[in-house]
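FYI, the numbering for the sequence shown is 1 to 448, going by my numbering.
Some notes on the structure that comes next.
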Amino acid sequence: MKVGIIGGGAAGLAAAYELTKGGHFAEVFEVAPFLGGQASTFDVGGGRLERGYHHLFVSDTDMTDLIHELGLGDSLAWLESKVGVYHSGKIWDFATPLDLLRFKPLSLVQRLRLGLITFVLQKTRNWQKFEGVTAQDWLTGNLGKDIYEAIWEPMLRGKFGDYYDQISMTWLWGKIYLRVASRGKALQKERLGYPMGSFGEVFDRLEEQICVQGGAVHISARVSRVAVEDQRATGLEVQLPGGAPEVRSYDAVVATTPSYIFTRLVPPLPEIYSSKLEGVEYLSAVLLILALDRPLTSKYWLNVADRSLPFVGVIEHTNMIDPALYGGNHIVYLTNYTSRDSELYSKSPEELVDQFIPHLQKLNPAFDRSWIRGYFHHKVDGAQPIIGTNYGRQIPDHRTPIKNLYLANTTQIYPEDRGTNYSVRMGRQVAGMLLEDLASKDGLQGST
C-alpha cells in the first residue's frame, strides 16, 4: 500500500515510521525546510535547540518508548525540574507541597485549601466530570474567588487571552494530573526528560528509519490539494523544490495540518464534519529566545501570575540542561499565546526585546541588556487550540467523510494537551487504524 502524508511533525513522521515498519510505502511532505514542526530545532552556539521549549514528563511513555525503539535511549536524561511562580513582585518556589505552604500571598487557610483541592484533582481519573464546566467556574466554586484570581486567572489569561473564561476544567485537570505523574513520592520534585541531542535528533532518526524501511521524506515540499475522485482520496498534488506541480497517486492519505489548512486542501465536506473543523479556534505561540552570558533566575519553569508582565512563561532551558551544549549560552524562552491580529504577534524581535527588558529586571533586578549575547524570534501558528466546555463532543473523527483520507492534528488530542508525546501516539494510532481498514472486508472506509 502507498500512503501520502501531509506534514513532517511528530504525528506525520510517527505515522510514516509505523507504516513503513509494516512493509508499506509512506511518503512525507513537509512545507518547512526542516522536520519536527513545533519541536523543530535550530543552531545556537553549536548545539541544537527547539524553536519551542520541549521536555517529557514521566507519563510520556509513547515518545519515551519510541526514543528507545530508535536506539536513542542512552541520550535521554531525566533531570530534576525547578519550578517557580512570579507573584507579588517575587519569585516563589512552587514545586512541592511544602513550597505551597510557604506561599505567603495566600493566607494559611487558603494555602491549605489550594493544596487539598490540588491533591483531589491529582487523584481524580474521571475527567469527564469536568466536561461541562469552565475552569473559572469550577475553581471559583471550589477554591474561592481570591485564590482563583491570585493563581489561576493570570495563567489562564496568559495562555488563552480573551478566551480565558471559556476554557474547560478538563484542560486544567489534565495539566495538574500530568505534572504529578512526573513526581515520585508526594514530597519529591518532578523529573523531566530531555534527549541530550535535542528532539531534532529524534526526528532525524525517524527520517532515517523511514527511508531505510522503504519510505521517503521531503522538506520544502508544498501540498496544494488532496486529489479526490468519487469521494475517495486518490493522491496529492505536490511541488518539490525546483520542480513543477505534480499529482502523485496513493491508496490513502494522512493529513496532519491544522484544521483551517486541511479545509483548504479538500473538497467541501459534509456539514456535520466541517462544523467540527471550523468550530475550533487556534492561538499562535510567540517566542522570544534569549542567549545570555549568565542565568536570569534559578528556575527552569517560571509561571508568571502577574499580567502586568508581557509574557506568561519564562522557561530557562539551561537551568536544566548544561549551557556548554550551546557554546556557554544561557537559554531563556519568553513565551506568549496570542491571536494573529494581536499587537504582540505583529512586533519585530527588536521591539519585543525593548518591551521585555524592563520586565526582566523585575525578575532579576541585576539584569542588564549587556547580558544578551543574541536573541531569536519564532512564531508558530495553530499552536494552541481553544479547549472549551464539552470539547469532546466537537472532536472530528480521524476517519474523514472522504474515503481513504485521515486527519491527525492537535485538535484531536484530548483530554491531554497537545505535545510531542501525544502526537506520536496519535500518528501511530492513525497508521494502525488505516491498516485495520485496509484489512477489513470492505477495504478503506470513510465516516460521516
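For each residue, glycine too, the CB sits at the ideal point set by N, CA and C.
Predicted model only: the values in this text are computed from it and were never measured.
Practice item. Give the straight-line distance between the Cα atoms of Leu13 and Arg113, rounded to the nearest whole angstrom. Key: 44 Å
Point to revise | Nearest to Asp60 (by Cα), restricted to the options Leu108, Lys175, Ile147 | key: Lys175
Check your understanding: Can we say the region 323-338 touches the region 114-133, given the rule of at least three CB pairs closer than 8 Å?
Key -> no
Practice item. May I have the straight-line CA-CA distance separating Val3 from Glu436, to the nearest angstrom? Key: 14 Å
Practice item. Specify, as a first and last residue, the run of the beta strand (DSSP E) that Gly7 falls within. Key: Premise fails: Gly7 is in no beta strand (DSSP E) and is neither H nor E.
Practice item. Under 7 Å Cβ to Cβ from Leu277, same chain only, skipping five residues before and after it: list those, please. Key: Ser259, Phe262, Thr263, Pro396
Check your understanding: Under the DSSP definition of a beta bridge, which residues are partnered with His218?
Key -> Phe29
Check your understanding: Between Asp341, Arg307, Phe367, which lies nearest to Pro295 when the distance is taken from Cα to Cα?
Key -> Phe367
Check your understanding: Is DSSP giving Pro468 helix, strand or coil here?
Key -> With the chain represented from 1 up to 448, any question about residue 468 goes unanswered, as that position is not in the structure.
Check your understanding: Mind checking Asn404: buried by the 16 CB within 10 Å criterion, or exposed?
Key -> buried
Check your understanding: Whose C-beta lies closer than 6 Å to the C-beta of Gln136 among residues of the same chain, with five residues either side of it excluded?
Key -> Asp165
Check your understanding: Shortest alpha-carbon distance to Arg292 belongs to which of Pro267, Ser275, Val286, Thr318?
Key -> The sequence given here has Leu at residue 292, not Arg. The shortest C-alpha separation from Leu292 is found at Thr318.
Check your understanding: In terms of residues, what are the limits of the beta strand (DSSP E) holding Trp92?
Key -> 90-93
Review point. In whole angstroms, what separates the C-alpha of Val238 from that of Ile413?
Key: 27 Å
Review point. Can you check whether the CB of Leu192 is closer than 8 Å to the CB of His55?
Key: yes
Review point. With DSSP run on the structure shown, which of helix, strand or coil describes Tyr53?
Key: coil
Practice item. Whole angstroms is fine: what's the gap from Arg373's alpha carbon to Leu49's? Key: 16 Å
Check your understanding: Are the region 17-31 and the region 202-222 touching by the rule of at least three beta carbon pairs closer than 8 Å?
Key -> yes
Check your understanding: Can you give the Cα-Cα distance for Leu121 and Gly7, rounded to whole angstroms?
Key -> 35 Å
Review point. CA-CA distance, Ile315 and Ser284?
Key: 18 Å
Point to revise | Collapsed DSSP secondary structure at Asn126 in the structure displayed | key: coil
Exercise for review: From the DSSP output, in three-state form, read off His87 for me.
Suggested key: strand
Point to revise | Short Cβ contact (8 Å threshold) for Val280 with Gln209 | key: no
Exercise for review: Confirm, please, whether the CB-CB distance from Phe160 to Ile151 is below 8 Å.
Suggested key: no
Check your understanding: What is the rounded straight-line gap between the Cα of Leu451 and the Cα of Ala431?
Key -> Any question about residue 451 goes unanswered here, given that the chain covers just 1 to 448.
**Study point:** Distance, Thr64 Cα to Asn421 Cα
**Key:** 8 Å
Review point. Using the C-alpha atoms, what's the distance from Lys82 back to Lys104?
Key: 19 Å
Check your understanding: What is the DSSP secondary structure of Gly313, counted as helix, strand or coil?
Key -> strand
Point to revise | Residues of its chain near Met426, where Cβ-Cβ distance is below 6 Å and the 5 sequence neighbours each way are ignored | key: Ala11, Ala408
Exercise for review: Please state whether DSSP places Thr335 in a helix, a strand or coil.
Suggested key: strand
**Study point:** Beta-carbon contacts of Thr20 that lie in its chain and below 8 Å, excluding the five residues immediately before and after
**Key:** Ala26, Gln209, Ile210, Gln213, Gly214, Gly215
Check your understanding: Taking the continuous alpha helix (DSSP H) assigned at Ser275, which residues delimit it?
Key -> 271-278
Point to revise | Unbroken alpha helix (DSSP H) run spanning Thr420, endpoints | key: 420-439
Check your understanding: Between Leu290, Asp381, Leu352, which lies nearest to Pro323 when the distance is taken from Cα to Cα?
Key -> Leu290
Practice item. Could you tell me if Pro267 is buried or exposed, where buried requires 16 or more neighbouring beta carbons within 10 angstroms of its beta carbon? Key: exposed
**Study point:** Gln384 burial status per 10 Å Cβ neighbour count (16 or more: buried)
**Key:** buried
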